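Here the structure comes first, spelled out in structure tokens, and everything after it is commentary.
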Amino acid sequence: MATQRVKKTVKDKKVKRDKKVEAFGIVHIKASFNNTIVTITDRNGNTLSWASAGLDGDYKSSKKSTPFAAQIASEKASKKAFEMGVREVDVYVKGPGMGRESSIRAVESSGLKVKLIKDVTPMPHNGCRPKKRRRI
């Protein structure tokens, strides 16, 4: 008698577990001339959520550097962190980009309580020669 072989076609789906997160986080905003990247971490530096202006394909090329794109990216990252349990944040802003202020406002308006805003843009003590002057 012949035995039938049955192939398994349905794979077990991995279930995402909710991480236990403390109520405090740190928001790192990197605003460059071309893009804005928002990362929310815990006190140890482990990434909880992140978003950027060009992440979902909504904004490409020069539109990534606009304040509105930075606002959308900040709202996405903040909502993810809020759902994980983060309630209070410190904000560290780095870079000369246009999305600095709008991303800070978006973090505040998304329900996270901002305790500290600090500018951590690296400034050289006359190190390497800078790029050519921008003419806008």
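Mapping to full-length UniProt numbering: the sequence shown position 115 is 115, numbers consecutive. Ideal Cβ positions, reconstructed from N, Cα and C, are used throughout, including at glycine. Predicted model, so just to flag it, every value in this text is computed and none were measured.
Under 7 Å Cβ to Cβ from residue i, same chain only, skipping five residues before and after it: list those, please.
i	result
residue 138	The question about residue 138 has no answer here: the residues shown for the chain are numbered 1 through 136.
Can you check which of these residues, the options, is closest to residue i by C-alpha distance?
i	options	result
Val86	Lys60, Gly25 and Lys63	Gly25
Lys30	Val91, Thr3, Ser109 and Ser61	Val91
Lys76	Pro124, Glu108 and Ile117	Glu108
Leu116	Gln4, Arg129, Pro124 and Ile104	Ile104
Kindly identify the DSSP beta-bridge partner or partners of residue i.
i	result
Val91	Val27 and Ile117
Val107	For Val107, which the question treats as bridged, DSSP gives no partner whatsoever.
Thr72	Reading the sequence as shown, one finds Ile at residue 72 and not Thr. BP columns for Ile72 are empty, so no partner.
Would you check if the distance between the CB atom of residue i and the CB atom of residue j is smaller than 9 Å?
i	j	result
Ile72	Tyr59	yes
Asn35	Gly57	no
Val120	Ser78	no
Phe82	Gly127	no
Only counting the same chain, and skipping five residues up and downstream in sequence, which positions put a Cβ closer than 6 Å to that of residue i?
i	result
Ser102	Pro67, Ala70 and Gln71
If contacts are defined as beta-carbon pairs under 8 Å, then residue i and residue j qualify, I think. What distance do you get, rounded to the angstrom?
i	j	result
Ser74	Ala106	4 Å
Met84	Val21	5 Å
Val89	Arg100	Incorrect: roughly 16 Å between the Cβ atoms, too far for contact.
Lys80	Ser49	4 Å
Output yes if chain C places a C-beta closer than 9 Å to the C-beta of residue i; else output no.
i	result
Arg87	The chain inventory of the structure shown lacks chain C, comprising one protein chain alone.
Might you give, ordered along the chain, the residues of its own chain that have their beta carbon closer than 8 Å to the beta carbon of residue i, omitting 5 neighbours on each side?
i	result
residue 145	Any answer about residue 145 is impossible in this case: the structure gives the chain only from 1 up to 136.
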